[in-house]
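Visitor:
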Amino acid sequence: MKSRLPLRSALLSRRGAVAGATLAAVLVSGGVFAELAMSDTEGPDVRAGNAVATPAMAASGPVRPLDGSVMQIMAHPDDDLFFMNPDTGQSLRSGRPITSVYVTAGEADGVNSPPLKKGAPRPPSDRAAYAEARQNGIRGAYAQMATGDRSGTWSRASLPTAGGGTAEVDTLEGHPGVRLVWLQLRESETILGDQPHSLRGLWNGQTASLVSQLAFGTPARPFSYTKDQVVKTLAGLMETFRPTHVRTLDPTPGRDGKPQKIIDHQDHIFSARFAQAALKEYADSPGHPDFSVQTYYGYNTSHLPHTFAKPATDAKADIVKTYAWTNAKDNYCASAAGCGDRKVAPHPHGNNWAESVRYSRTNSTSWLQSAKDGSLWAFGVLNQRLAAWHKAPGADGSWGRPLVLPGEGLDPGVSSVRLADGRLAVFGTRTLFGADLGDYRREVVATVQTASGGFAPWRSLGAPVRSGSDGVFDMSTPSAAVDGSGRLTVFLRGGDRRLYSTSGTPDGGWTPWAGLGGADLIGDPVAATDGAGRVHVFSSTPRTMSTWAQPEPGAPMPTSATATGLPPNTTGVSARPDGDGVRVYYRQADSGNVRCVLFDGVTPSAPADLGDTSGYGMVGVAGPLVTGRTASGALAALEPDAVAPAWKADTGILFTGAPSAVQNGDSAVAAAIGLDGRLYWTHTANGNGPAAPWRAAAN
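Printed below as a string of structure tokens:
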């Protein structure tokens, strides 16, 4: 106990902290939130220079929020820096509100030291101090991303949770929309090992409750959470901070290797599943804003081709270096616990984590469709339900507000297709919870437009074996195509990383899922129909791209994949018909440049390079229009008439997933769903003209 006194003294006097403050009020009114109001009733003021570091008092009435309030829910401090960046930094730099929630304390073994050399003495374990050092590192990294100064001043307060405990909430001075929330539950301390007292053990019923592991200096109080209390706590934070966009890690990362093992940290998976359960409660709560969800690959990005070129990789790693406190002699935070996570210091790139960012959902680029009457339909997932935007036909036709359709539990990301009779069909997956959270499974679902123009209730298409209900639950977003005979087929990457299909039958039913082969498939398959009515399917692997080509309309699809010989890409593709072939777009590994090839059957042409270094994510394509995300996260369109590839970006729009594009008469139209839950769109003025400025579809 004596050894802790100097540490506590240093914590109370260190720069950038207000210790012991409590949350006095959070006002939520009319769909907006007011500033946090704090008091210092439980501790002394801690001064930064000559100024008392106290947050602004809450406004007396509603305040207008900035569009696009983001909440991130992670297992550990640094999950956001390794797996969600650069998206995290883009949100911070945009000035929009962002609240990052860390479910565990990340205390590990309590040793804040780089990996020890063989035979070196092991430093003493101090879990509270190590947890505090990791908090210091995150505060420094966020201040650097938001302001350029890692030593920014933070206020720290106690936040009562809806689960009955208390959390710590930190607010960056001068930037009241930047908040860090620390639940500080005990972590598993093992990637895959059976640790009953962990998030996984709590989820599966191996333990009835999970205790807290508090960091030194935290104003939170010790608590022990049951499973339901964790869900209520996370849902309560959503209701308090009212995000329009929520980021988590992947709740269903799948298996790999021989023997097959889950390829992510158990805390990542189960923090994401607890977040899913909380999102269900948030979706059912009254008065919340429309919200979208984005999930991210974790450890499983390690062995995949790199997303970024070196400048973007180095920029991402530089933020990790701040978190890792690479210069341990520079005690800029004035904390005896340390200013960061020294375990990470020797490897700020992690295990190839700084080289990439990957979305585990919302990669589809076929969610925008042109209807038979010339109107446009856009489909997305808001509030875990299908949202449908409709634009009346003609150049003067306007977009309506989104209609959010019945049917809860929809996973992020959907695809759509126009049927032979002109109606539209939408496909996705949904997560189902039983009476107990551990009763958890996923399935493919479909809805088809009715004759009146509405959409029928969701119909379950089940799932391939080893994908939906055996503990893996890993499956892609489905992709669909209609061949020249009018037959509708849905394609899906299963949990065994092979391709599966099911086809519609004349009586309105569906055939059983059939295996089409392939191996080591990554991400979402893409299907397209060429001008001759033949269906083509494309899917990435870690080494190349695989393809399946229907020999003629009405014929069965091949039951094995053909290797294209193309080099590795960033594990995602987009496709559009091009004459009697299909043109496929992908991001070049270690670059992010967009490339395209033309497939005539299973043979690709030589690639053409369209530029956009270190952009990432899929691109929406229709005719000459190519749209996607630049390295800065901005929404951009390729200028088709430029002598060299030129991308025109709207830096004010941050968006989720991938844009979609479709040919609509003589014009190509593209759309994207913003982090504010709004649809944004652009179009070409004529067949080959430049794209109009992006604008919101409806106010």
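Here full-length UniProt numbering is used: the first residue of the sequence shown is 1, the next is one more, and so on. Glycine included, every Cβ here is placed at the ideal spot set by N, Cα and C.
Can you name the start and end residues of the beta strand (DSSP E) that Leu386 belongs to?
Guide: For Leu386, the enclosing beta strand (DSSP E) has its first and last residue at 385 to 391.
Visitor: Quick one, which of Ile269, Thr244, Asn331 has its alpha-carbon nearest Met71's?
Guide: Thr244
Visitor: Rounding to the nearest angstrom, what Cα-Cα distance links Arg47 and Lys316 in this structure?
Guide: In this predicted model, Arg47 has a pLDDT of only 25, less than 50, meaning its place in the structure is not dependable; the value taken from the coordinates is given anyway. Arg47 and Lys316 have their C-alpha atoms some 32 Å from each other.
Visitor: Alpha carbon to alpha carbon, how far is Trp681 from Val472?
Guide: 37 Å
Visitor: Considering only their Cβ atoms, is the gap separating Ser292 from Gly620 smaller than 9 Å?
Guide: no
Visitor: I'd like to know if the segment 418 to 434 and the segment 354 to 372 are in contact, where contact means that at least 3 CB-CB pairs between them fall below 8 Å.
Guide: Taking 8 Å as the limit for Cβ pairs, the verdict is that the segment 354 to 372 does touch the segment 418 to 434.
Visitor: Within a Cβ cutoff of 6 Å, which residues of the same chain sit near Val537, ignoring the five residues on either side of it in sequence?
Guide: Phe491, Pro525, Ala527, Trp548
Visitor: Helix, strand or coil: how does DSSP classify His175 here?
Guide: strand
Visitor: Starting from Phe241 and walking both ways along the alpha helix (DSSP H), at which residues does that stretch end?
Guide: 227 to 241
Visitor: Taking the straight line between their C-alpha atoms, what separation do you get for Asn300 and Trp182?
Guide: 25 Å
Visitor: Could you tell me which residues DSSP puts in a beta bridge with Lys329?
Guide: DSSP, once it has assigned bridges, lists no residue as partnering Lys329.
Visitor: Ordered along the chain, which non-local residues of its own chain (more than five positions away) have a Cβ less than 7 Å from that of Ala685?
Guide: Ala692
Visitor: What is the residue span of the alpha helix (DSSP H) that Glu281 lies within?
Guide: Residue range 266 to 284 is occupied by the alpha helix (DSSP H) that includes Glu281.
Visitor: Can you give the beta carbon distance from Arg493 to Gly504, rounded, assuming they're within the 8 Å contact cut?
Guide: Between Gly504 and Arg493 the Cβ distance is about 20 Å, and since that is not below 8 Å, they are no contact.
Visitor: Hey, Met557 and Ser501: beta-carbon distance below 9 Å or not?
Guide: yes
Visitor: Report the CB separation of Arg587 from Asn569 in whole angstroms; it is logged as a contact under 8 Å.
Guide: 6 Å
Visitor: Looking only at its chain, what residues have a beta carbon closer than 7 Å to the beta carbon of Leu405, apart from the 5 residues adjacent to it on each side?
Guide: Arg385, Leu386, Ala388, Phe455
Visitor: Does the beta-carbon of Pro671 have 16 or more other beta-carbons within 10 angstroms, so that it is buried, or is it exposed?
Guide: Reading off the sequence, residue 671 comes out as Ala, not Pro. By the neighbour-count rule (16 or more Cβ atoms within 10 Å), Ala671 is buried.
Visitor: Give me the residue from Glu107, Gln144, Ala141, Thr226 with the minimum Cα distance to Gly164.
Guide: Thr226
Visitor: Could you check which residue in Ser632, Pro346, Tyr297, Ala606 has the C-alpha nearest to that of Asp612?
Guide: Ranking the options by Cα distance to Asp612, first place goes to Ser632.
Visitor: I believe Thr365 touches Val414 by the beta-carbon criterion, under 8 Å. Please report the beta-carbon distance rounded to the nearest angstrom.
Guide: That belief does not hold up - the Cβ atoms of Thr365 and Val414 are roughly 11 Å apart, past 8 Å.
Visitor: Pairs of beta-carbons, one from the segment 169 to 184 and one from the segment 83 to 97, closer than 8 Å: are there three or more?
Guide: yes
Visitor: Is DSSP giving Asp82 helix, strand or coil here?
Guide: For the sequence presented, residue 82 should be read as Phe rather than Asp. Under the three-state reduction of DSSP, Phe82 is assigned to helix.
Visitor: Threshold first: 4 residues or longer. Then list the alpha helix (DSSP H) segments lying entirely within the segment 110 to 140, N to C.
Guide: Runs of the alpha helix (DSSP H) inside the segment 110 to 140: none found.
Visitor: Compute the Euclidean distance between the alpha carbons of Tyr359 and Gly657, then round it to the nearest angstrom.
Guide: 7 Å
Visitor: Among Ser375, Gly409, Pro412, Val381, whose alpha-carbon lies nearest the alpha-carbon of Trp399?
Guide: Ser375
Visitor: Is there at least one non-hydrogen atom of the ligand PLP closer than 8 Å to the beta-carbon of Leu625?
Guide: This structure simply doesn't include the ligand PLP, nor any ligand for that matter.
Visitor: What residue does the alpha helix (DSSP H) around Gln260 start on, and which one ends it?
Guide: Unbroken run through Gln260: none, as it is neither H nor E.
Visitor: Considering Asn569, what are the terminal residues of the beta strand (DSSP E) in which it resides?
Guide: Start and end: 569 to 578.
Visitor: Taking CB distances under 9 Å as the criterion, tell me whether Asp170 reaches chain C.
Guide: The structure shown has no chain C; it contains just one protein chain.
Visitor: Specify whether the segment 317 to 324 and the segment 347 to 359 touch according to this definition: at least 3 beta carbon pairs, one from each stretch, less than 8 Å apart.
Guide: Yes: the two stretches touch, three or more of their Cβ pairs being nearer than 8 Å.
Visitor: Could you work out which residue in Gly338, Gly623, Asp600 is closest to Arg127 when comparing CA atoms only?
Guide: Proximity to Arg127 across Gly338, Gly623, Asp600 peaks at Gly338, based on C-alpha coordinates.
Visitor: Alpha carbon to alpha carbon, what distance is there between Tyr440 and Ala220?
Guide: 32 Å
Visitor: Residues in its own chain within less than 8 Å of Leu432 by CB, not counting five upstream and five downstream?
Guide: Gly409, Tyr440, Arg441, Arg442, Glu443
Visitor: Could you please give the first and the last residue of the uninterrupted alpha helix (DSSP H) stretch that includes Leu654?
Guide: That residue, Leu654, is in no alpha helix (DSSP H); it is neither H nor E in DSSP.
Visitor: Check for me: the beta strand (DSSP E) holding Phe440 runs from which residue to which?
Guide: As written in the sequence, residue 440 is Tyr, which differs from the Phe given in the question. Here the beta strand (DSSP E) through Tyr440 covers 440 to 448.
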